[in-house]
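Chains A and B are the protein sequences, given in the same order.
For the first sequence, position 170 matches number 170 in the UniProt record's numbering, and the numbering has no gaps at all.
For the second sequence, position 230 matches number 230 in the UniProt record's numbering, and the numbering has no gaps at all.
To start, the structure itself, in structure tokens.
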Amino acid sequence: MEVSTLPISASHRGKLISSGYTSLSSLSSVSPSRLAQDLKISENEAVEILKVVSRRSGSEKIENGNHAIMNGAQTAWDMLHEEESSVCITTSCSDLDVILGGGIHCKEVTEIGGVPGIGKTQLGIQLAVNVQIPSGYGGLGGKAIYIDTEGSFMVERALQIAEACAQDMLEYDNLLRKDSQACRVIKQPKAFLENIFYFRVCTYTEQIAVINYLEKFISEQKDVKVVIVDSITFHFRQDFEDMALRTRLLGGMALKLMKLAKQFKLAVVLLNQVTTKYKEGSFQLTLALGDSWSHASTNRIILHWNGDERYAYLDKSPSLQSASAPYAVTGKGIRNAAPNCKRVKLM
Amino acid sequence: MANKLISEMGLPRSMANVFIARNIVTAKALSLLEQRNQNEYLAGHLPTRLKGLDAALFGGIPFGVVTELVGPAGIGKTQFCLKLALLASLPTSYGGLGGRVIYVDVESKFSSKRMIEMGLSSFPEIFHMEGLAQEMAGRILVLQPASLSEFTESLQHIKVSLLQHNVKLLIIDSMAALASGEYGLAPPKHHPLGWHISFIKSLAECYRIPVVVTNQVRSQSRDEASRYLFQEQSRAETIEDPPNFNSHLVAALGIHWAHAVTIRLVLEFRSGQRVIKIAKSSISPSMGFCFNITSSGVSLLDDEGVEMMGPEANTISWEGHIGIINYE
Numbered sequence: 001m002e003v004s005t006l007p008i009s010a011s012h013r014g015k016l017i018s019s020g021y022t023s024l025s026s027l028s029s030v031s032p033s034r035l036a037q038d039l040k041i042s043e044n045e046a047v048e049i050l051k052v053v054s055r056r057s058g059s060e061k062i063e064n065g066n067h068a069i070m071n072g073a074q075t076a077w078d079m080l081h082e083e084e085s086s087v088c089i090t091t092s093c094s095d096l097d098v099i100l101g102g103g104i105h106c107k108e109v110t111e112i113g114g115v116p117g118i119g120k121t122q123l124g125i126q127l128a129v130n131v132q133i134p135s136g137y138g139g140l141g142g143k144a145i146y147i148d149t150e151g152s153f154m155v156e157r158a159l160q161i162a163e164a165c166a167q168d169m170l171e172y173d174n175l176l177r178k179d180s181q182a183c184r185v186i187k188q189p190k191a192f193l194e195n196i197f198y199f200r201v202c203t204y205t206e207q208i209a210v211i212n213y214l215e216k217f218i219s220e221q222k223d224v225k226v227v228i229v230d231s232i233t234f235h236f237r238q239d240f241e242d243m244a245l246r247t248r249l250l251g252g253m254a255l256k257l258m259k260l261a262k263q264f265k266l267a268v269v270l271l272n273q274v275t276t277k278y279k280e281g282s283f284q285l286t287l288a289l290g291d292s293w294s295h296a297s298t299n300r301i302i303l304h305w306n307g308d309e310r311y312a313y314l315d316k317s318p319s320l321q322s323a324s325a326p327y328a329v330t331g332k333g334i335r336n337a338a339p340n341c342k343r344v345k346l347m
Numbered sequence: 001m002a003n004k005l006i007s008e009m010g011l012p013r014s015m016a017n018v019f020i021a022r023n024i025v026t027a028k029a030l031s032l033l034e035q036r037n038q039n040e041y042l043a044g045h046l047p048t049r050l051k052g053l054d055a056a057l058f059g060g061i062p063f064g065v066v067t068e069l070v071g072p073a074g075i076g077k078t079q080f081c082l083k084l085a086l087l088a089s090l091p092t093s094y095g096g097l098g099g100r101v102i103y104v105d106v107e108s109k110f111s112s113k114r115m116i117e118m119g120l121s122s123f124p125e126i127f128h129m130e131g132l133a134q135e136m137a138g139r140i141l142v143l144q145p146a147s148l149s150e151f152t153e154s155l156q157h158i159k160v161s162l163l164q165h166n167v168k169l170l171i172i173d174s175m176a177a178l179a180s181g182e183y184g185l186a187p188p189k190h191h192p193l194g195w196h197i198s199f200i201k202s203l204a205e206c207y208r209i210p211v212v213v214t215n216q217v218r219s220q221s222r223d224e225a226s227r228y229l230f231q232e233q234s235r236a237e238t239i240e241d242p243p244n245f246n247s248h249l250v251a252a253l254g255i256h257w258a259h260a261v262t263i264r265l266v267l268e269f270r271s272g273q274r275v276i277k278i279a280k281s282s283i284s285p286s287m288g289f290c291f292n293i294t295s296s297g298v299s300l301l302d303d304e305g306v307e308m309m310g311p312e313a314n315t316i317s318w319e320g321h322i323g324i325i326n327y328e
């Protein structure tokens, strides 16, 4: 008990404890007259006791600095340093990286949606491979968790993308780092696969259970830097009679994922599907799961067709402008679109 | 997979979550690959014997996922399915899967005679052997459910028999016909086949078999959504797709189904030629191949194929119907 460590007389200490004042915080908000009444001592003695208490907690206040103002708060200045020094996960397409401000940011939830066949799973697998790029090459050197709700993860494709990534790193070595032989980390493509933790969930209860379990899993694994959920929508689009329940479940899931992102400083990527919505006299394409879900993510990217090319549109971001960039899905994964097409356009 | 059984037990959600959380089995992607290469016959693919298509699909129709065939009537979807059923029932020594096939025939299009004809034409030496044709035809189980509820019931039976009877392929021809009768009753938010989609996918994955489903087409209506809100706002910069309602069709069953299938093969007529295109696949590029229907099933005219650009692979064109299927 903290009170027992205060430098006051033993009789006063005994009276404090028997009256129920066992911790410093309970003494911090009581007035001297009230304390005198409770302990049956003179008011002067009560004032003395409170002075001792404030001196003790005062010294602690100085140690903690700003935290005493509000527990858990951080100043914007500290956050600025953190934001500037955070490394992003590259998407392997430089145009896309540019509009995203470097790539997929850690500590944030990014939602990526699009029509079937546009490349959402491809982007998910590419990120799961790219997160493992060692820091010597500008990556995070972390592991990936891939939660597959639809069964669209194909191992052969992941191996293909990993081989292309290893090939790119080798070329980078040959071009730019001829001198530093010692820093060469030759990564085998199969080693990439070893660092992707794959969960397959078949119902929405399993999906919620896995997301609840992730906290424990990640604190044991320690190196996970990206959690990809492909797709977040699938199990929630069918057989839900009670829409209110669905909204509650989705909200709870969104909060948990945001907490995971902040707590473990990793990136959460949610792949979403599309649906049609009747608005202003016509049908429009929009991301699934409704309006309340659209608040759940920090960033939102919509993948769409524009003529013959695939484009990514940054729809929502707290710090970046809306912009559009072309990309291509090749045998090696996500790459820049062919050079003769339009470049990055700001909206 | 223990996870699935627990969720089917009907426990209150909180309890189910606890059980599931304890039992979660995760796999490293590497072990998935190794498992597949070592244990599975033909590394997890059912070859279609169409060289170009098999090469583009990295071996053939993959195990463990749902493959969809979509196209207008008379293009050859059922022919393709019959051929696949035949290939799967061939003994492993001849390159088949050597197992049973469950063929769910909703529109009563299954023709044993045609299948035997395909067999005689493509594998004459095998089929002329004593009793082999009977053995293989005996391995193909045909179900003909008359309604969606009957189909739902038979799915449960299928699940039980998948393991017991060594079933290696499940074909559903066609999914759209099942749904077409039910749309009027269900409220618009519910997809009538929602549960079925999940169930079929879980069957495919749990038992690591290929599942092939056929789908119909319908014409594109005026209200068809093709743009996002931000595309409307910046109309000057987006390339307009020429609205061509006469010759464009869309796959039936909606966008939820389109998301749910893993591989989508689109069959269409184009300038009088039949073309099969890989419209959605996470491992193959969008390629199209011209094909014909022959006595031995389906055969490609050209194994090289044509690369499809953009969303062309997903559109289904309908340019004149060739009256008779040409048998060579």
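We treat Cβ as the ideally placed atom computed from N, Cα and C, and that holds for glycine.
Q) Should A:Gly65 be flagged as near chain B, meaning a C-beta pair shorter than 8 Å? A) Summary for A:Gly65: the model assigns pLDDT 46, below 50, so the residue's position carries little reliability, and this model does not support an answer.
Q) Rounded to the nearest angstrom, how far is the Cβ of B:Arg264 from that of B:Glu68, given a contact under 8 Å? A) 5 Å
Q: Using a Cβ cut-off of 8 Å, pull out every chain B residue sitting near A:His304, in sequence order please.
A: Residues of chain B with a Cβ closer than 8 Å to the Cβ of A:His304 are, in chain order, Tyr228 and Gln231.
Q.
Could you pull the DSSP bridge partners for B:Leu169 from this structure?
A. B:Val101
Q) Between the beta-carbon of B:Lys77 and the beta-carbon of B:Met118, is there less than 8 Å? A) no
Q | Closer than 8 Å to chain A by CB, B:Val65 | A | yes
Q.
Classify B:Leu253: buried if its beta carbon has 16 or more other beta carbons within 10 angstroms, exposed otherwise.
A. buried
Q) So, does the CB of B:Met287 fall closer than 8 Å to a CB anywhere in chain A? A) no
Q: Have a look at the DSSP bridge pairing and note the partners of B:Pro62.
A: B:His45
Q) Mind checking B:Val160: buried by the 16 CB within 10 Å criterion, or exposed? A) exposed
(Q) Can you confirm whether the segment 127-146 of chain A touches the segment 246-255 of chain A when touching is taken to mean that 3 or more C-beta pairs between the two stretches lie within less than 8 Å? (A) no
**Q.** Cβ shell of A:Pro339 (< 6 Å), same chain only, five flanking positions each side left out
**A.** Cβ within range, chain order: n/a, list empty.
**Q.** C-beta atoms of B:Val298 and B:Leu90 nearer than 8 Å
**A.** no
Q | Contacting residues, own chain, Cβ-Cβ under 6 Å from A:Gln284 (five flanking each side not counted) | A | Lys277
Q) Any Cβ of chain B within less than 8 Å of the Cβ of A:Glu150? A) yes
Q. Any residues in the segment 225-244 of chain A with a beta carbon nearer than 9 Å to a beta carbon of chain D? Which ones, in chain order?
A. As a matter of chain content, chain D is missing from the structure shown, whose protein chains are A and B.
Q | Inter-residue Cα distance where the pair is B:Pro188 and A:Gln238 | A | The predicted model places B:Pro188 with a pLDDT of 46, which falls under 50 and marks its position as unreliable, so this point remains unresolved.
Q. At which residues does the beta strand (DSSP E) containing B:Leu141 begin and terminate?
A. Ile140 to Leu143
Q) What are the residues of the segment 133-146 of chain B that lie near chain A, defined by any Cβ-Cβ distance shorter than 8 Å? A) none
Q | Endpoints, the beta strand (DSSP E) within which A:Arg300 is located | A | Asn299 to Asn306
Q) Between the C-alpha atoms of A:Phe240 and A:Thr298, what's the straight-line distance to the nearest angstrom? A) Taken atom to atom, the span from the alpha-carbon of A:Phe240 to that of A:Thr298 is near 26 Å.
(Q) Let me check one thing: in DSSP terms, what residues is A:Ile228 bridge-paired to? (A) A:Tyr146 and A:Val269
**Q.** Inter-residue spacing [alpha-carbon to alpha-carbon] between A:Ser94 and A:Asn336
**A.** 6 Å
**Q.** Three-way DSSP call (helix, strand, coil) for A:Lys40 in this model
**A.** coil
Q) Got a sec? Which residues, its chain only, sit under 6 Å from B:Met136 by beta carbon, not counting five neighbours each side? A) Ser89
(Q) Counting only Cβ-Cβ distances shorter than 7 Å, please list the residues of the segment 296-327 of chain A near chain B, keeping chain order. (A) Ile302, His304, Trp305, Asn306, Gly307, Asp308, Glu309, Tyr313 and Asp315
Q. What is the rounded straight-line gap between the Cα of A:Leu24 and the Cα of A:Val53?
A. 7 Å
Q) Taking 8 Å as the CB-CB cut-off, is B:Pro47 touching chain A? A) False, the Cβ-Cβ gap to chain A never drops below 8 Å.
(Q) Just to confirm, is the Cβ distance from A:Ala158 to A:Leu123 under 8 Å? (A) Contact annotation: A:Ala158 and A:Leu123 have beta-carbon atoms that are not nearer than 8 Å.
Q: Could you please give me the residues that DSSP links to B:Ser219 through a beta bridge?
A: B:Leu249
Q | Assigned secondary structure, B:Thr315 (DSSP; H/G/I helix, E/B strand, else coil) | A | coil
Q.
I need the boundaries of the beta strand (DSSP E) containing A:Thr286, first residue and last residue.
A. Ser282 to Leu287
Q.
Am I right that A:Ile147 and A:Val229 are in contact with their C-beta atoms under 8 Å? What's the rounded C-beta distance?
A. So it is a contact: roughly 5 Å between Cβ atoms.
Q | Own chain residues within Cβ distance below 6 Å of A:Tyr313, not counting five before or after | A | Ile302 and Ser324
(Q) Any beta carbon from chain A within less than 8 Å of B:Ala252's own beta carbon? (A) Interface residue (Cβ-Cβ distance to chain A less than 8 Å): B:Ala252 is not classified as such.
Q. Does DSSP put B:Thr67 in a helix, in a strand, or in coil?
A. strand
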